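Have a look at the structure below, then the notes.
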Amino acid sequence: MATIITSECINCGACEPECPNTAIYAGGVAWELNGATSPAISEDIYYIVPSKCTECVGFYDHEACAAVCPVDCCIPDPNNLEAESILIERAKVLHPEQAFTDDFPSRFRKESAPAPAAAPAEASAEPHANGAAAALAAPAAAAPKAAPAAAPAKTAAPIAAPAAMLNLPKDLGALPGPIGEKHFPGELDENFDTVLGWVDLALSTRAPIPVQVAMRLAEPVLGALPDKQKAEIETAVGNDLAFSRSRATALNIMLNLVLYPAILLAFSAVVRGESLFSREAAGWVMLGLLLAVVESVWRLREGIFHATPASELTYRASVYGVPMAPLGAILARGPKLTRTVRKVGFDGYSSDLFDEKLERDRRYGTVYTVAEHPGAYLVRLEMPRRIPVSSLKRLWNLPDEMPDYDYTIALGDAVLTINASVRGETLRRLSYISPSFPPDFSTRIEFEHPVSSFKHRMRNKVLEIIVFKREAEQARHAA
Numbered sequence: 091m092a093t094i095i096t097s098e099c100i101n102c103g104a105c106e107p108e109c110p111n112t113a114i115y116a117g118g119v120a121w122e123l124n125g126a127t128s129p130a131i132s133e134d135i136y137y138i139v140p141s142k143c144t145e146c147v148g149f150y151d152h153e154a155c156a157a158v159c160p161v162d163c164c165i166p167d168p169n170n171l172e173a174e175s176i177l178i179e180r181a182k183v184l185h186p187e188q189a190f191t192d193d194f195p196s197r198f199r200k201e202s203a204p205a206p207a208a209a210p211a212e213a214s215a216e217p218h219a220n221g222a223a224a225a226l227a228a229p230a231a232a233a234p235k236a237a238p239a240a241a242p243a244k245t246a247a248p249i250a251a252p253a254a255m256l257n258l259p260k261d262l263g264a265l266p267g268p269i270g271e272k273h274f275p276g277e278l279d280e281n282f283d284t285v286l287g288w289v290d291l292a293l294s295t296r297a298p299i300p301v302q303v304a305m306r307l308a309e310p311v312l313g314a315l316p317d318k319q320k321a322e323i324e325t326a327v328g329n330d331l332a333f334s335r336s337r338a339t340a341l342n343i344m345l346n347l348v349l350y351p352a353i354l355l356a357f358s359a360v361v362r363g364e365s366l367f368s369r370e371a372a373g374w375v376m377l378g379l380l381l382a383v384v385e386s387v388w389r390l391r392e393g394i395f396h397a398t399p400a401s402e403l404t405y406r407a408s409v410y411g412v413p414m415a416p417l418g419a420i421l422a423r424g425p426k427l428t429r430t431v432r433k434v435g436f437d438g439y440s441s442d443l444f445d446e447k448l449e450r451d452r453r454y455g456t457v458y459t460v461a462e463h464p465g466a467y468l469v470r471l472e473m474p475r476r477i478p479v480s481s482l483k484r485l486w487n488l489p490d491e492m493p494d495y496d497y498t499i500a501l502g503d504a505v506l507t508i509n510a511s512v513r514g515e516t517l518r519r520l521s522y523i524s525p526s527f528p529p530d531f532s533t534r535i536e537f538e539h540p541v542s543s544f545k546h547r548m549r550n551k552v553l554e555i556i557v558f559k560r561e562a563e564q565a566r567h568a569a
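Okay, so the sequence shown: first residue is 91 according to this note's numbering, each after it adds one.
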């Protein structure tokens, strides 16, 4: 009896990759069992081709489609009863390259199989017409009773049975390896690090002259700020001649050698009433110098005690620099460096059955950041990292790490389009049955200014793209 799919099908697609005969297709004839069997046309469900269905005889001791169906809509057709011999002969015709031994798997041979199913098996030596007539002569109520009896044994069979491992679809293929370097139209030929250096150059050429002068004059005071704020200001200004955190720190140390003794000398004169030229006042001056030297040694201790190069030093804040940190944050946030960062919503799931929301969003291409500089945009898009949980993942013993996606990059006047997709038939099959796992995604990023060229690299499943503004690109070529 060929298996049919009823109108209760929810179009989940779980059955299609399980069929060893590729007899299941999407869209076609639905079967509604309302007392009598009648076909109804539907494009929203799957259907089974009777001439290719062997009820998995020769492959499994159960019907694979019924075992994985979440709504139990894969049932035997009471109007198309077939003996085991007919089904195994059909399997041999469909798979001439495979040898079927006498002990081939069959649901008719299971110990828990219903009694009416044994009759077609014993009649396997009779002609097909006689076998079918004998099966049709059985009471009509026998078929509906047989299906529920076999249902409990079907549920856990696909993963537990070793035979299922040996009869996977032939076009499954292996997981793809790492993706190589790619190049797209409109992309610069230089390497990524070189192009990234051009972004810093673009920052320096666009810095306003008044800002550069003001920051240069304020360096001795701003050098008291914490290292993080000084680094952000250095990036925002973008010109070493206007502001350098190493030079600002050195100037601040020189300022403190004068400032600290002056403060203590004023304390001696105003609070204690001592003469500015007395021995006591000289002691306060020496104490101020000592404090300035000790603080300088503490701020640059890696370079003093370990000979760390200046480019690797941490230029710490002075005593009064910590309260100035909010001022440094305001300066670093200036109009020359703005950031747009997408935030991922709160994830309330804590079970292993669900992937974290961040990973689910990566599969839709919505986890990215855009940093805008005066001359360019820096885009970072995170690719999926984990293969989602599914029954096929466990059946095929797939790893947790997601293979690299294939991708393309296209740049328009003010739009960057990234198209990405899974590679290999295995992951595409998984996407059919796994929640929140589309096989492809497209991300479209719009910019406020026209753009002209870009450079990208893929590193640790993060796609980094430098997109140059058109006017900055023209200025760079002119320079």
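In this text, a Cβ means the ideal position worked out from N, Cα and C, and glycines have one as well. Because the structure is a prediction, the values reported are computed rather than measured.
Rounded C-alpha distance that separates residue i from residue j
i	j	result
Gly373	Arg335	33 Å
Asp530	Gly514	12 Å
Ile100	Asp451	25 Å
Asn342	Ala562	35 Å
Met492	Ser526	14 Å
Val147	Pro140	14 Å
Arg337	His273	40 Å
Leu448	Arg476	11 Å
Lys320	Ser532	38 Å
Leu421	Asp330	16 Å
Glu462	Ile555	12 Å
Pro268	Tyr495	9 Å
Cys102	Ile523	6 Å
Arg406	Gly378	19 Å
Ala264	Val289	41 Å
Pro275	Val541	14 Å
Met376	Pro351	7 Å
Ala130	Tyr115	Here the model assigns Ala130 a pLDDT of 45, short of 50, so the residue's position is not dependable, and the following value carries that caveat. One C-alpha to the other measures close to 16 Å.
His539	Glu446	35 Å
Arg180	Leu485	27 Å
Glu106	Ala466	48 Å
Glu309	Arg453	46 Å
Pro266	Phe282	25 Å
Pro413	Arg389	16 Å
Val469	Val311	34 Å
Ile499	Met473	14 Å
Gly411	Asp490	47 Å
Distance CB(residue i)-CB(residue j) smaller than 8 Å
i	j	result
Glu536	Val505	yes
Ile165	Thr112	no
Ile135	Ser97	yes
Leu553	Leu471	yes
Ala359	Ala371	yes
Thr507	Arg547	no
Arg340	Gln302	Note that residue 340 is Ala in the sequence shown, not Arg. No, these two residues do not count as a Cβ contact at 8 Å.
Leu403	Glu385	no
Glu108	Lys545	no
Ile581	Val387	Residue 581 cannot be examined here, being either before or after the span of the chain that is shown, 91 to 569.
Asn509	Tyr497	yes
Cβ neighbours of residue i in the same chain (closer than 6 Å, five flanking residues each side left out)
i	result
Thr325	none
Leu177	Thr144, Glu145 and Val147
Leu381	Tyr350
Gly194	For the sequence presented, residue 194 should be read as Phe rather than Gly. Excluding sequence neighbours, Phe194 sits near Gly148.
Proximal residues to residue i (C-beta, below 8 Å), its chain only, five neighbours per side dropped
i	result
Ser521	Val512, Phe527, Pro528 and Pro529
Residues near residue i in its chain [Cβ-Cβ closer than 7 Å; skip 5 each side]
i	result
Cys163	Ile95, Thr96, Glu98 and Cys99
Ala104	Val158, Cys159, Pro160 and Ile523
Ala419	Gln319
Q: Quick one: which unbroken alpha helix (DSSP H) runs of 4-plus residues sit fully inside the segment 475-522? Chain order, please.
A: Within the segment 475-522, the complete alpha helix (DSSP H) runs of at least 4 residues are 481-485.
Q. Below 8 Å, can you find three or more Cβ-Cβ pairs linking the segment 446-466 to the segment 481-489?
A. Counting Cβ pairs under 8 Å, fewer than three are found: no touch.
Q: Indicate whether the contact test is met: 3 or more Cβ pairs, each with one atom in the segment 362-373 and one in the segment 395-414, closer than 8 Å.
A: A contact between stretches requires three or more CB pairs, one per stretch, nearer than 8 Å, and the segment 362-373 fails this requirement with the segment 395-414.
Q. Is the segment 181-196 in contact with the segment 154-161, if contact means three or more CB pairs nearer than 8 Å?
A. In short, these stretches do not touch, since the Cβ pair count stays below three.
Q.
Taking contact to mean 3 or more Cβ pairs, one atom from each stretch, closer than 8 Å, check whether the segment 298-316 and the segment 405-419 are in contact.
A. Taking one beta carbon from each stretch, the segment 298-316 and the segment 405-419 have 3 or more pairs nearer than 8 Å; the two touch.
Q: Report the residue ranges of all alpha helix (DSSP H) runs contained in full by the segment 145-173; include only those spanning at least 4 residues, in chain order.
A: Here the runs fully enclosed are 154-158.
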